[in-house]
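Numbered by our numbering, the letters in the sequence shown go through residues 18 to 179 in order.
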Amino acid sequence: MIRPLHRLELLKRVASLIIAACLFLPLCQCTPKAVPGAQDSVQTQAAPAEPEVLVIGQRIDYQDPHDLFGLLLFAWPLLAWPLRRRVTRVLTTAIVNLAELTAAVATLIYLYDIIALWGQIRYGGVMALGAYGVYCLAAIGTLIGLLRKMLSPLPSAPPPTS
Numbered sequence: 018m019i020r021p022l023h024r025l026e027l028l029k030r031v032a033s034l035i036i037a038a039c040l041f042l043p044l045c046q047c048t049p050k051a052v053p054g055a056q057d058s059v060q061t062q063a064a065p066a067e068p069e070v071l072v073i074g075q076r077i078d079y080q081d082p083h084d085l086f087g088l089l090l091f092a093w094p095l096l097a098w099p100l101r102r103r104v105t106r107v108l109t110t111a112i113v114n115l116a117e118l119t120a121a122v123a124t125l126i127y128l129y130d131i132i133a134l135w136g137q138i139r140y141g142g143v144m145a146l147g148a149y150g151v152y153c154l155a156a157i158g159t160l161i162g163l164l165r166k167m168l169s170p171l172p173s174a175p176p177p178t179s
């Protein structure tokens, strides 16, 4: 039987893999609007504007350090695996989990802001936001379980029988 904390850890791992896969999926799209009065020799008035799709994996220039931030948005949950496996003490595990929860909530808000500003959400955006939401809920559940474990009284030894 798998213990509840291990189930939540497994849930975080699955969410991490989905988040990493969303790096290469279309998150959202927008249709550029024609500016009235602007003359563009390439685009004519009769041709409709082609929608622009946001795929982070295609936009990253791996030589530019600023673009690596987009990669880190989707990769940090995978990079946190070895850190979680190394920590053995309950208090340290709770601190690492709290840091993970904080990073996941901040990333979720930032990603939602990017996707909401771009326009129409696509399936990759739904998957990324959903996976980060599941990751946050699993981190909250793990943190609550660890706090219960830390705050529960130690089992007392049975009284000696004579």
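Yeah, the Cβ is synthetic: ideal placement off N, Cα and C, and Gly gets one too.
- Item | Check whether PRO43 and ALA66 have beta carbons under 8 Å apart | no
- When you compare only the Cα positions, how much space is there between THR109 and PRO68? 47 Å
- Neighbourhood of PRO82 by C-beta distance below 6 Å, restricted to the same chain and skipping five residues each side: none
- Task: Give a yes or no on whether the C-beta atoms belonging to GLU117 and ALA148 are separated by under 8 Å.
- Result: no
- Task: Indicate the three-state DSSP secondary structure (helix, strand or coil) for VAL72 in the structure shown.
- Result: coil
- Task: Determine the direct distance from the alpha carbon of ALA37 to that of GLY162, and round the result to whole angstroms.
- Result: 26 Å
- Message: Please report the distance separating the alpha-carbon of ILE35 from that of ILE77.
- Response: 19 Å
- Task: Report the three-state DSSP secondary structure of ILE77 (helix, strand or coil).
- Result: coil
- Query: How many angstroms separate the CA atom of LEU27 from the CA atom of MET144?
  - Reply: 18 Å
- Would you decide whether ARG139 is buried or exposed? Buried here means 16 or more other CB atoms lie within 10 Å of its CB. buried
- Task: Take ALA92 and list the residues in its own chain whose beta-carbon comes closer than 8 Å to its own, dropping the five residues that flank it on each side.
- Result: ALA37 and LEU40
- Take MET15 as the anchor and find which of THR178, THR124, GLY87 and ALA111 has the nearest alpha-carbon. An answer regarding residue 15 cannot be provided, because it is not within the stretch 18 to 179 covered by the chain.
- Could you work out which residue in PRO21, GLN80 and PRO94 is closest to ALA121 when comparing CA atoms only? PRO94
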